[in-house]
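Sequence positions in the sequence shown follow my numbering and run 24 to 270.
No residue lacks a Cβ here, since even glycine has one placed at the ideal position from N, Cα and C.
Presented below is the structure to which this report refers.
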Amino acid sequence: MINDGYEAWVRDFEAERERRAAVGDPEWDRGAELDPALVRSLQRFQVGEDGDGSALIGKADRAGDPVYAQAVRLFVAEEQNHARMLALLLAAGGAGTLDGHWSDAVFVRLRRLLGLRVELLVLMVAEAVALGYYRAVRDGAPDPLAAEVAGRILADEERHVPFHCRRLREALAPLPAPARRAATLTWQALLAGAAVVVAADHGPALRHLGVRRHRFTADVIRSSGPLARAMSTTPAPATAESSPAGV
């Protein structure tokens, strides 16, 4: 499925890579004072960010648009940078990383079930949850280094969501309207379930950040409506100037 407009996304990812290199890393040497509950939570999210993205890249390659595939590689590199920063944050707080976690294994297996469309739908569940989580850490973490790292990751995730919504609009467009509706309703149900699981699994950390579990769950579920509409609306012709601006 070849579509014009991903050149703008490539430029966006490349510009962000250059900006990140110019700004440099946070000051890891200042250390971090991390609550044990937050350490356990960050360790689980670090596992989720860490991966080579080979399955997604392979499906993007097979989709037939080399420019989109290039953008996907740049997206994967940003996710790997998130894993790197979280590992360094944990090290600054005197903690290590995990070899794996059941929640990440479930998401990976779901994403690899079928083609690119299913991969992106499941990935968008993780992205929507990540928006709420990193916002909570940025706004609620008492430690300045943790808040800074979360803020950097959140800024990237806010750019990733419209990128994936753009591709999903194209992927869902050939389906009849009832099928598109069924796909987005199923996605919203999966997101609601994931929000409940994350709120339960990360409850102590959320409490440390000043966020109640039910509020976190409600906020994530509330975000699903606009995201579902962004994924399922018939795509309009894109321009290079407007593609990365939002959904």
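**Prompt:** Who are the Cβ neighbours of Cys188 in its own chain at under 8 Å, not counting the five residues just before and after it?
**Reply:** Met147, Leu250, Ala253, Met254 and Val270
**Prompt:** Quick one: what does DSSP say Pro49 is sitting in, helix, strand or coil?
**Reply:** coil
**Request:** Using 10 angstroms around the beta-carbon of Glu193, count the other beta-carbons present and answer buried if the total reaches 16, otherwise exposed.
**Result:** buried
**Request:** Quick one: give me the first and last residue of the alpha helix (DSSP H) that Thr256 is part of.
**Result:** Taken as a continuous stretch (DSSP letters only), Thr256 belongs to no alpha helix (DSSP H), as it is neither H nor E.
**Message:** When you compare the region 95–113 with the region 40–58, are there three or more beta-carbon pairs, one atom per stretch, that lie closer than 8 Å?
**Reply:** yes
**Message:** Output needed for Leu214: all residues of its chain with C-beta closer than 6 Å, excluding positions within five of it in sequence on either side, in chain order.
**Reply:** Val148, Ala151 and Ser247
**Item:** Where the alpha helix (DSSP H) containing Asp162 begins and where it ends
**Value:** Leu139 to Gly163
**Item:** Rounded distance between the beta-carbons of Val172 and Pro49, thought under 8 Å
**Value:** 6 Å
**Asked** How is the alpha helix (DSSP H) around Asp84 delimited, first residue to last?
**Response** Ser77 to Arg85
**Asked** In whole angstroms, what is the alpha-carbon distance linking Leu79 and Leu139?
**Response** 7 Å
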